[in-house]
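Using our numbering, read the sequence shown as starting at 22 and increasing by one per residue.
Built from N, CA and C at the ideal position, the CB exists for glycine as well.
Heads up, the thing below is written out as structure tokens.
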Amino acid sequence: MKAMWNERYQQKEFQYGTNPNDYMASELAHLKPGRILFPGAGEGRDAVYAAKLGWETHAFDLSEQGQAKAIRLATVQKTRLHFNVADASLVKFPLDSFDVIALTYFHLPIEIRIPFYARCVSWLKPGGIILLEGFTKQQLGLSSGGPKNSEWLFSAKELEKEFPGLNILLNEEKQRDLDEGPLHQGKAEVVQFKAQKPL
22 MKAMWNERYQ QKEFQYGTNP NDYMASELAH LKPGRILFPG AGEGRDAVYA
72 AKLGWETHAF DLSEQGQAKA IRLATVQKTR LHFNVADASL VKFPLDSFDV
122 IALTYFHLPI EIRIPFYARC VSWLKPGGII LLEGFTKQQL GLSSGGPKNS
172 EWLFSAKELE KEFPGLNILL NEEKQRDLDE GPLHQGKAEV VQFKAQKPL
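Printed below as a string of structure tokens:
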């Protein structure tokens, strides 16, 4: 898996573009900047955007090539972020340390996803927010991106169960057009999710 992402990200072009995901950008516009984590941050488009808004931005990805491009993008855009190379099944952060955790098209096998989500909730401060956009199972057969294994894809009903104990503020499956670099282009089936950790 690491080799695949390194090969993808070593291309000169940013594979998912340099602009932030529009759902993440619209949500961050309404939140007071604090401490934010981007798991599976790829080439850093969302993390760099948050840093430019004044967030203390932390990110990680499995790919060293992704990290290098993210740091380069941050430098070009005259901002800074903390970006580590790490595996989602092993990475650790202090409890109650983030105001927001933002998951943009970060698809994992279910045996890793469930315990990882539980750790994400433990890393959130009370009142903290989880943001997520990703492909649903209806994405299979479409050419706009995403895993080809249905178990890696989302559904609103499953997300509700995978983040128990949070107050769900948004959990909507929808069809939308993607225009995010060469690998996210065209009609897509996605879910947008927002939930808050109780105070």
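The ligand FAD and residue i: does the residue's C-beta get closer than 7 Å to at least one heavy atom of that ligand?
i    : result
K146 : This structure simply doesn't include the ligand FAD, nor any ligand for that matter.
Would you kindly work out how many angstroms separate the C-alpha atoms of residue i and residue j, rounded to a whole number?
i    : j    : result
S110 : Y138 : 10 Å
V112 : E183 : 19 Å
D82  : K215 : 22 Å
T157 : E210 : 6 Å
V2   : T96  : What the structure shows of the chain is the stretch from 22 to 220, and residue 2 is not part of that stretch, so it cannot be assessed.
F59  : K53  : 17 Å
Q86  : Y37  : 14 Å
F114 : I57  : 12 Å
N170 : R101 : 35 Å
R29  : K73  : 26 Å
P168 : S143 : 27 Å
Q159 : A46  : 24 Å
Q98  : S84  : 21 Å
D117 : V212 : 26 Å
K33  : N40  : 16 Å
Sorted by chain position, which residues of the same chain lie with C-beta nearer than 6 Å to residue i's C-beta, five sequence neighbours on each side aside?
i    : result
G65  : A91, L94
I150 : V121, Q217
E77  : R56
C141 : I122
Taking the beta strand (DSSP E) that residue i belongs to, which residues open and close that run?
i    : result
A50  : Segment: none, A50 is in no beta strand (DSSP E) and carries neither H nor E.
R101 : From DSSP, R101 is part of no beta strand (DSSP E); its letter is neither H nor E.
P136 : Counting along the chain, P136 falls outside any beta strand (DSSP E), though it belongs to the alpha helix (DSSP H) covering 131-144.
D198 : 188-201
E172 : Counting along the chain, E172 falls outside any beta strand (DSSP E), and DSSP gives it neither H nor E.
T125 : 119-125
F59  : 56-60
E17  : Lying outside 22 to 220, the shown extent of the chain, residue 17 is not represented and no answer is given.
At which residues does the alpha helix (DSSP H) containing residue i begin and terminate?
i    : result
N27  : 23-30
L180 : 177-183
E210 : Segment 205-217 is the beta strand (DSSP E) holding E210; no alpha helix (DSSP H) there.
T96  : 85-97
D67  : 66-73
With the cut-off set at 8 Å, would you say residue i and residue j are in Cβ contact?
i    : j    : result
A107 : D67  : no
P147 : N188 : no
L129 : G166 : no
F119 : G61  : no
E172 : I131 : yes
Y44  : E154 : yes
K208 : L174 : no
F35  : G186 : no
Excluding sequence positions up to five away, which residues of its chain have a Cβ less than 7 Å from the Cβ of residue i?
i    : result
N105 : F81
D200 : Q206
L49  : A71, L74
Q88  : D82, F104, V106
I133 : A109, S110
Keeping to the same chain, check which residues put their C-beta closer than 8 Å to that of residue i; ignore five residues upstream and five downstream.
i    : result
P136 : S110
E181 : I189, N192
N42  : R66, D67, T125, Y126, E154, E201
R197 : K208, A209, V211
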